[in-house]
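Numbering (the UniProt record's numbering), first residue to last: 1 to 358.
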């Protein structure tokens with residue numbers, strides 16, 4: 001196994017403990033995987049915590065296409081630097097760090113040069129399910145260790161606990177980035193559709209940025225939470241009066257729902273020049289009516305995560321404003337149950353795996 005010291009580059013892979021799936025319909029189970037050898041620009045991280053994202057479930061169960069099994073998901077990773085390559089300059093052994101949804105990109109296209117590696121024109125390398133530089137499929141954070149190029153490692157501020165910070169690496173940046181891009185701030189009206197893992201972070205961020213925030217949820221069951229998290233209004237989408245009363249109110253609507261919805265009624269809630277931005281990634285297509293767009297120059301858009309620079313900005317913003325995810329920490333033997341609870345929306349608001357239990 002690679003020694004835990006600065007600058008060593010043992011040119012062999014090393015084993016890691018993990019929890020993953022061997023087929024779409026197989027439960028998650030303990031596995032041993034091989035991590036790539038430490039390169040000169042690499043950081044080896046001992047993973048302390050990993051958030052559970054609905055994307056982990058979609059991917060592993062084959063909802064988005066063929067999967068290279070065995071599959072180890074997890075892209076909300078926090079931990080401690082255990083070793084650095086000889087040419088690493090940004091991190092040292094003992095640093096508190098994180099890894100999000102991507103671990104590499106081409107570095108050369110216009111988007112990468114602008115700091116938007118998430119939109120790499122050659123396709124970024126995802127933390128799991130992509131082909132890594134070693135020619136093997138990448139494996140994620142449901143594991144005890146990982147090797148990542150230093151350019152795709154984030155620094156976790158001391159003000160943030162590693163467990164509650166883990167979901168910031170996906171749910172956090174996935175909501176922070178569109179709020180920044182579409183100019184959420186004082187004087188703007190923002191609606192958040194769904195109060196789940198992404199939605200609760202969107203409420204916290206939008207409120208901290210100074211926007212007036214409304215939660216649009218199927219029912220009022222989480223109303224108390226929504227108001228506590230920073231929303232000034234909370235409406236049930238099951239009530240037809242909601243869409244009548246809120247017509248033309250919002251500059252920006254973030255849809256965090258991971259299933260297909262009827263987009264038309266939500267478009268009518270936008271002001272002139274307003275934007276409805278889809279953050280969820282349903283497996284099935286959604287139909288978009290054109291006339292609500294034409295009538296008030298409204299937009300229907302999508303947004304992924306943010307680039308590395310913006311993700312670090314988000315983490316620093318969280319430290320400054322005391323923002324972390326609302327979490328429930330679980331042990332490795334509880335992941336299958338946690339996944340079923342995620343599918344049934346029975347979590348407030350993000351499961352985080354204690355990787356020491358692997």
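We put the CB at the ideal spot given by N, CA and C, even for glycine.
All figures in this text were calculated on a predicted structure; none of them were measured in a lab.
Query                                                                                                                    : Result
Reduced DSSP category for residue 19 - H, G, I as helix; E, B as strand; rest coil                                       : strand
DSSP three-state assignment for residue 274, whether helix, strand or coil                                               : strand
Nearest candidate by alpha-carbon position, reference residue 27, set 73, 119, 263                                       : 73
Contact the segment 78–91 vs the segment 115–126: 3+ CB pairs below 8 Å                                                  : no
Same chain only: Cβ atoms within 6 Å of residue 347, ignoring 5 sequence neighbours per side                             : 341
Closest by C-alpha distance to residue 148, when choosing among 303, 159, 98                                             : 98
CB contact flag (residue 52, residue 164, <8 Å)                                                                          : no
Inter-stretch contact at 8 Å, needing at least 3 Cβ pairs: the segment 233–245 / the segment 151–167                     : no
Any 3 or more C-beta pairs closer than 8 Å across the segment 247–255 and the segment 221–231                            : no
Residues near residue 4 in its chain [Cβ-Cβ closer than 6 Å; skip 5 each side]                                           : Legend: pLDDT at residue 4 = 36, less than 50; position of this residue unreliable, value from coordinates given subsequently. These residues qualify, in order along the chain: 82, 83.
Contact set for residue 12: own chain, Cβ-Cβ below 6 Å, skip 5 residues either direction                                 : 37
Nearest-angstrom Cα separation, counted from residue 94 out to residue 6                                                 : For residue 6, the pLDDT reaches just 41, beneath the cut-off of 50, and the residue's location in the model is therefore unreliable, leaving the point undetermined.
Nonlocal neighbours in the same chain, by C-beta distance under 6 Å from residue 271, ignoring five residues either side : 248, 251
For residue 234, three-class secondary structure by DSSP                                                                 : strand
Touch test, the segment 277–284 against the segment 254–267, Cβ-Cβ under 8 Å, three pairs minimum                        : yes
Among 46, 151, 140, 135, nearest to residue 40 - alpha-carbon criterion                                                  : 151
4-residue-minimum alpha helix (DSSP H) runs that sit fully inside the segment 143–196, ordered along the chain           : 162–165, 171–181
Buried/exposed call for residue 288, threshold 16 Cβ in 10 Å                                                             : exposed
Proximal residues to residue 295 (C-beta, below 8 Å), its chain only, five neighbours per side dropped                   : none
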